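Asker: First the structure, then my questions, so here it is.
Protein chains: 2
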Amino acid sequence: MIRVGVNGYGTIGRRVADAVLMQKDMELVGVTKVHPDYRVETAIKKGIDVYAANEKALQSFRNSGYNVKGVLDDLLKRVDVIVDCSPEGNGPQNKLIYEASKVRAIFQGGEDHELTGLSFVAQCNYDNARGKNMVRVVSCNTTALCRILNSLSNNFGIYRARAVLARRAADPDETGKGPIDAVVLDPATVPSHHGPDVQSVMGNIDVVTMAFKVPTTHMHLHSLIVSLKKKATREEVIEALQKEPRTMLVESKLGFKSTSSIVDMARELSSPRNDIHEAVVWKDSVSTVENEVYMFMAVHQEAIVVPENVDAIRAITASATKEESMSMTDSSLGIRKF
Amino acid sequence: MIRVGVNGYGTIGRRVADAVLMQKDMELVGVTKVHPDYRVETAIKKGIDVYAANEKALQSFRNSGYNVKGVLDDLLKRVDVIVDCSPEGNGPQNKLIYEASKVRAIFQGGEDHELTGLSFVAQCNYDNARGKNMVRVVSCNTTALCRILNSLSNNFGIYRARAVLARRAADPDETGKGPIDAVVLDPATVPSHHGPDVQSVMGNIDVVTMAFKVPTTHMHLHSLIVSLKKKATREEVIEALQKEPRTMLVESKLGFKSTSSIVDMARELSSPRNDIHEAVVWKDSVSTVENEVYMFMAVHQEAIVVPENVDAIRAITASATKEESMSMTDSSLGIRKF
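Top to bottom, those sequences are chains E and L. Numbering follows this note's numbering, with no gaps: position 121 of the first sequence is 139. Numbering follows this note's numbering, with no gaps: position 38 of the second sequence is 56.
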């Protein structure tokens with residue numbers, strides 16, 4: 019059993035904790051939290067041990083009457099792997115703490131590639147992470163791009179990839195974030211960081227991305243324009259995408275007309291938290307002209323990196339092959355083809 | 019004096035009517051309306067003669083106590099040019115009416131190119147419209163794309179143009195339209211109609227567009243990726259765009275971070291209805307890699323076609339050269355460089 023801790027119980031941490039609970043080769047030792055809010059109650063109801071993120075947090079918990087299991091240092095003594103789901107930018111200081119505790123660590127895409135020197139997407143570079151002490155799971159958008167570009171690259175070769183990312187502005191419970199009625203360039207300069215981030219996983223691929231925020235709370239929408247080295251028909255591209263792990267194809271004629279129809283499908287299928295772990299490509303958007311292929315893709319910003327975190331745990335502990343791990347992860351999370 | 023009528027007093031019709039009032043070589047004879055609503059009052063307050071769009075509408079107006087000047091047929095007897103701003107798809111039947119009245123007509127971008135055989139953007143093809151009986155002013159998005167691509171084409175040559183359009187979902191007063199919290203593919207297939215529409219103005223240019231709707235009410239946001247025949251620096255591209263008529267460059271460091279900052283600037287400048295007639299390009303987004311150029315552009319969906327309508331009136335009556343007309347239009351509407 020791999021003993022796992024989750025440092026931070028926010029958008030990603032909560033999901034990773036639940037996913038770890040579903041793995042038969044892993045034990046969730048506990049999670050940390052800074053604030054004694056309703057999320058502590060939801061963790062306790064699930065039987066998850068809660069630790070205070072630091073001494074100050076411990077005092078807050080005691081003042082609120084919560085009996086926590088200790089602080090982060092106590093958790094670190096009891097785990098083989100810590101998944102860092104603390105706020106973006108905490109990575110460098112937390113890395114020192116994890117190193118001092120001699121605990122393997124997984125960071126999220128909010129940190130720089132340089133923090134670990136290895137940016138991870140399971141189907142692209144699982145084996146590179148085997149036995150490493152620290153890896154970084156890349157962001158939701160980069161994860162999705164890597165899956166699709168991995169498929170196109172392996173099947174046809176990529177000459178040039180261009181992507182425009184319409185990003186959801188806030189998660190559903192982030193009530194302080196905007197915009198409400200505007201498109202915000204994010205950033206106004208080109209390229210956005212996503213292109214270089216894809217390169218941190220896939221090497222020297224020619225990829226340029228442009229990004230902006232739109233007033234939605236669920237799913238990013240990517241418009242992809244990719245020149246292939248080997249000319250392909252749309253049927254060949256669709257066939258390749260259908261075979262790619264963690265990639266789902268949907269069609270607008272079945273009612274998938276927007277990002278919210280994808281989420282509604284997940285709600286109907288009782289997916290926990292309406293989560294969608296797959297990169298979702300509109301089959302009817304896949305078109306080719308000469309050697310160029312176009313497609314629309316939706317990306318669930320909160321969920322898509324969860325399977326990558328689970329696989330990263332197995333990769334850095336060298337406890338399973340890529341195929342074994344991805345298979346266990348996918349079947350436990352119910353990753354599906356629609 | 020060119021005697022002008024406007025058939026339809028909605029989003030475009032109201033603006034075209036006001037713009038005609040500002041032209042010293044034009045007389046606004048009147049506008050038509052179907053429903054006796056508050057827009058009749060606003061027209062009357064401006065001293066504009068209102069006609070009923072048809073006999074049924076005439077009865078509605080009489081029942082509401084409004085004294086209109088007649089019906090569309092009466093208006094047509096008194097004008098040289100009718101600007102058709104009636105709902106999309108009315109073009110074919112209205113064309114017959116205008117032809118029977120021997121009145122020159124201008125249609126909007128909601129109609130098919132084939133209706134008139136000539137799709138119009140002033141700086142691209144003014145002279146082709148001279149003396150024609152009917153032209154079609156293209157849609158807001160196509161107008162903006164044509165302006166920018168005209169600049170790039172004339173200065174550097176275009177090898178391949180790709181654009182992703184994040185469309186505002188509704189105009190501010192369209193309270194029945196969605197989405198509220200979703201990105202809606204529009205359409206899910208690629209290409210969207212905008213590429214072929216650009217070709218209807220600019221000929222056989224290689225242009226592919228992808229489009230979707232986002233929950234905003236003001237300004238579309240275009241992400242442009244254009245391969246140039248002649249390699250150019252970003253400074254050269256910016257210089258070309260600065261010289262292009264009806265094109266404005268803004269910078270995020272001056273606070274232009276979103277579509278709504280552009281509109282806020284128009285409000286500050288007391289632009290009527292907050293209108294922006296220019297295609298607005300973010301200077302800091304203009305980037306080049308090899309022979310490819312990238313940029314973000316904002317398009318005011320309600321206003322950008324207004325100068326084209328005014329020029330089209332002069333073009334089809336052969337009453338001014340392109341330069342004379344564009345100059346009169348721009349100075350009357352206060353078209354500016356920021």
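Where a beta carbon is used, it is the ideal one built from N, C-alpha and C, also for glycine. Bear in mind that the values here come from a model prediction, so they are computed numbers and not experimental data.
Below 7 Å between beta carbons is the criterion; list the residues of the stretch 167 to 182 of chain E that meet it against any residue of chain L, in chain order.
Answerer: Cβ contacts with chain L come from Arg180, Val182.
Asker: Which runs of the alpha helix (DSSP H) at least 4 residues long sit entirely within the stretch 28 to 89 of chain L? Give them in chain order.
Answerer: Runs of the alpha helix (DSSP H) inside the stretch 28 to 89 of chain L: 29 to 39, 56 to 63, 73 to 81.
Asker: Need the endpoints of the beta strand (DSSP E) that valine 391(E) sits in, please.
Answerer: Here chain E has residues from 19 to 356 only, and residue 391(E) is not among them.
Asker: In angstroms, rounded to a whole number, what distance separates the CA positions of valine 304(E) and threonine 134(L)?
Answerer: Residue mapping note: residue 304(E) aligns to position 286 of the first sequence, counting from 1. Residue mapping note: residue 134(L) aligns to position 116 of the second sequence, counting from 1. Approximately 33 Å, taken between the alpha carbons.
Asker: Who are the neighbours of threonine 277(E) on chain L, taking C-beta pairs under 7 Å?
Answerer: To locate residue 277(E), count along the first sequence from 1; it is residue 259. Going along chain L in sequence order, the residues near threonine 277(E) (Cβ under 7 Å) are Ala200, Val201.
Asker: Our contact map puts asparagine 327(E) next to valine 101(E) with C-beta atoms below 8 Å; I'd like the distance itself, whole angstroms only.
Answerer: Numbered from 1 along the first sequence, position 309 holds the residue referred to as residue 327(E). Numbered from 1 along the first sequence, position 83 holds the residue referred to as residue 101(E). With a Cβ gap of about 6 Å, asparagine 327(E) and valine 101(E) count as contacting.
Asker: At the 8 Å Cβ level, is aspartate 302(E) part of the contact set with chain L, yes or no?
Answerer: By one-based count along the first sequence, residue 302(E) stands at place 284. So yes, aspartate 302(E) belongs to the interface.
Asker: Please state if the CB of methionine 44(E) and the CB of valine 24(E) are separated by a distance shorter than 8 Å.
Answerer: Taking the first sequence and counting its residues from 1, the one referred to as residue 24(E) is at position 6. Taking the first sequence and counting its residues from 1, the one referred to as residue 44(E) is at position 26. Cβ atoms of valine 24(E) and methionine 44(E): not closer than 8 Å.
Asker: Excluding five sequence neighbours on each side, which residues of the same chain lie with their C-beta closer than 6 Å to the C-beta of valine 38(L)?
Answerer: Within the second sequence, the letter at position 20 stands for residue 38(L). Answer for valine 38(L): Val22, Met44, Leu46, listed in chain order.
Asker: List, in order along the chain, the chain E residues whose C-beta lies closer than 8 Å to that of threonine 339(L)?
Answerer: The count along the second sequence starts at 1 and reaches residue 339(L) at position 321. Near threonine 339(L) there are no residues of chain E at all, since even the closest Cβ is about 38 Å away, more than 8 Å.
Asker: What's the gap between the Cα of serine 349(E) and the Cα of alanine 258(E)?
Answerer: Within the first sequence, numbered from 1, the residue matching residue 349(E) stands at position 331. Within the first sequence, numbered from 1, the residue matching residue 258(E) stands at position 240. Going by the C-alpha atoms only, they are around 21 Å apart.
Asker: What residue range is occupied by the uninterrupted alpha helix (DSSP H) comprising phenylalanine 174(E)?
Answerer: Working through the first sequence from its first residue, we reach residue 174(E) at position 156. Start and end: 158 to 174.
Asker: Ordered along the chain, which non-local residues of its own chain (more than five positions away) have a Cβ less than 6 Å from that of glycine 128(L)?
Answerer: Here the question's residue 128(L) lines up with position 110 in the second sequence. The answer, listed in chain order, is Glu106.
Asker: State the Cα-Cα distance for the pair serine 241(L) and leucine 93(L), rounded to the nearest angstrom.
Answerer: Indexing the second sequence from 1 puts residue 241(L) at position 223. Indexing the second sequence from 1 puts residue 93(L) at position 75. About 42 Å.
Asker: Verify the CB distance criterion: does methionine 346(E) have a CB-CB separation below 8 Å to chain L?
Answerer: Counting from 1 along the first sequence, the entry for residue 346(E) is found at position 328. Cβ-Cβ to chain L under 8 Å: no for methionine 346(E).
Asker: From phenylalanine 356(E) to methionine 283(E), what does the alpha carbon distance come to, in whole angstroms?
Answerer: Here residue 356(E) refers to the residue found at position 338 of the first sequence. Here residue 283(E) refers to the residue found at position 265 of the first sequence. Caution is warranted here: a pLDDT of 48 is assigned to phenylalanine 356(E), below 50, making its placement in the model unreliable, and no coordinate value can be reported.
Asker: Within the chosen definition, does the stretch 212 to 229 of chain E reach the stretch 257 to 273 of chain E through at least 3 CB pairs nearer than 8 Å?
Answerer: With the cut-off at 8 Å, the stretch 212 to 229 of chain E and the stretch 257 to 273 of chain E do not touch.
Asker: Beta-carbon within less than 7 Å of valine 298(E)'s beta-carbon, same chain only, minus the 5 sequence neighbours each way: which residues are those?
Answerer: Numbered from its first residue, the first sequence carries residue 298(E) at position 280. Cβ neighbours of valine 298(E) beyond the five flanking positions: Met266, Val268, Ile280, Met315, Ala316.
Asker: Name the residue from Glu296(L), Pro54(L), Ile331(L), Lys248(L) whose alpha carbon lies nearest to the alpha carbon of asparagine 172(L).
Answerer: For the purposes of this step, residue 172(L) is taken as residue 154 along the second sequence, with counting starting at 1. Answer by Cα proximity: Lys248(L).
Asker: Counting only beta-carbon separations shorter than 8 Å, does isoleucine 66(L) have a partner in chain E?
Answerer: In the second sequence, counting from the first residue as 1, residue 66(L) sits at position 48. No, its Cβ sits nowhere closer than 8 Å to a Cβ of chain E.
Asker: Report the residue from Ser119(E), Gln77(E), Arg252(E) whose alpha carbon sits nearest the alpha carbon of valine 97(E).
Answerer: Within the first sequence, residue 97(E) is the residue found at index 79, counting from 1. Checked all of Ser119(E), Gln77(E), Arg252(E); the closest Cα to valine 97(E) is Ser119(E).
Asker: Under 8 Å between the Cβ atoms of alanine 333(E) and arginine 122(E)?
Answerer: Here residue 333(E) refers to the residue found at position 315 of the first sequence. Here residue 122(E) refers to the residue found at position 104 of the first sequence. No.
Asker: Between proline 110(E) and the rest of its own chain, which residues show a CB-CB distance below 7 Å, the 5 nearest in sequence each way excluded?
Answerer: For this step, residue 110(E) is matched to residue 92 along the first sequence. Result list for proline 110(E): Leu133, in chain order.
Asker: Please identify, using Cβ separations under 7 Å, the residues of the stretch 212 to 235 of chain L that lie next to chain E, in order along the chain.
Answerer: Per Cβ criterion, the list reads Val226, Met228, Phe230, Val232, Pro233, Thr234, Thr235.
Asker: Tell me, please, which residues DSSP counts as bridged to arginine 154(E).
Answerer: Numbered from its first residue, the first sequence carries residue 154(E) at position 136. Note: arginine 154(E) sits in a beta bridge opposite Phe125(E), Ser137(E).
Asker: Can we count lysine 195(L) as close to the ligand FAD, meaning its CB is less than 7 Å from some heavy atom?
Answerer: As far as ligands go, the structure on display features none, and thus does not contain the ligand FAD.
Asker: Is there a Cβ of chain E sitting closer than 8 Å to that of phenylalanine 314(L), yes or no?
Answerer: Position 296 of the second sequence holds residue 314(L). For phenylalanine 314(L), the answer is yes, since a Cβ of chain E falls inside 8 Å of its Cβ.
Asker: I'd like the ranges of any alpha helix (DSSP H) spanning at least 4 consecutive residues and lying wholly in the stretch 236 to 280 of chain L.
Answerer: Counting whole runs of 4 or more residues, the stretch 236 to 280 of chain L contains the alpha helix (DSSP H) stretches 252 to 261.
Asker: Return the CA-CA distance between proline 290(L) and isoleucine 223(L), expressed in angstroms with no decimal places.
Answerer: Position 272 of the second sequence, counting from 1, holds the residue named residue 290(L). Position 205 of the second sequence, counting from 1, holds the residue named residue 223(L). Rounded to whole angstroms, proline 290(L) to isoleucine 223(L) spans 35 Å at the Cα level.
Asker: Determine, using beta carbons only, whether alanine 162(E) and valine 225(E) come nearer to each other than 8 Å.
Answerer: Taking the first sequence and counting its residues from 1, the one referred to as residue 162(E) is at position 144. Taking the first sequence and counting its residues from 1, the one referred to as residue 225(E) is at position 207. Contact flag unset, no.
Asker: On the DSSP letters alone, give me the boundaries of the beta strand (DSSP E) that arginine 21(E) sits inside.
Answerer: On the first sequence, position 3 is the one that residue 21(E) refers to. Run containing arginine 21(E): 20 to 25, per the beta strand (DSSP E) assignment.
Asker: At 9 Å on the CB atoms, spell out the chain L contacts of threonine 8(E), in chain order.
Answerer: Residue 8(E) falls outside the range modelled here, since chain E spans only 19 to 356, and no answer is possible.
Asker: Helix, strand or coil, according to DSSP, for arginine 2(E) in the structure here?
Answerer: Nothing about residue 2(E) can be reported from this structure: the residues present for chain E run from 19 to 356 only.
Asker: Assuming contact is defined by CB atoms lying nearer than 8 Å, are threonine 277(E) and methionine 237(E) in contact in what I supplied?
Answerer: Here residue 277(E) refers to the residue found at position 259 of the first sequence. Here residue 237(E) refers to the residue found at position 219 of the first sequence. For threonine 277(E) and methionine 237(E), yes; Cβs fall inside 8 Å.
Asker: Going by DSSP, what residues sit across from tyrosine 116(L) in a beta bridge?
Answerer: Residue 116(L) sits at position 98 when you count from the first residue of the second sequence. Answer is none; tyrosine 116(L) lacks a bridge partner.
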